[in-house]
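All letters in the sequence shown, in the order written, are residues 0 to 71 by numbering that gives the first Met the number 0. The beta-carbon is built from N, C-alpha and C at its ideal position, and this holds for glycine as well. If you're wondering where the values come from, they're calculated on a predicted model, not measured in any experiment. Below is one structure, written out as structure tokens, with a few remarks after it.
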Amino acid sequence: MNFSNNMLEGPIPQGTQIQSQNSSSFAHNPGLCGAPLKRSCGEGKEEARKQDEEKEEKDLSLELDWIAAAIA
């Protein structure tokens, strides 16, 4: 079976015939993770969460700057 170029996302089901496929069968599906691919499913989630937190902090800081400017 060949699942490449299908815009699939998420973990490859464990313990199925699908998982026993060669990693090339899943090529060009950047959202897929788990065996037999080298990309683990937790990879990238922590970085995305960290970036979201940093953006929220920056937005809050900017908002507080405007409040301080309005008071002054």
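By the criterion of at least three beta-carbon pairs nearer than 8 Å, the stretch 5-15 is in contact with the stretch 27-39. Membership of residue 10 in the beta strand (DSSP E) is indicated by the continuous run 8-10.
Non-local C-beta neighbours of residue 63 in its own chain, meaning closer than 6 Å and more than five positions away in sequence, are absent. Distance from the Cα of residue 23 is smallest, within the candidate group 68, 57, 3, 67, for 3.
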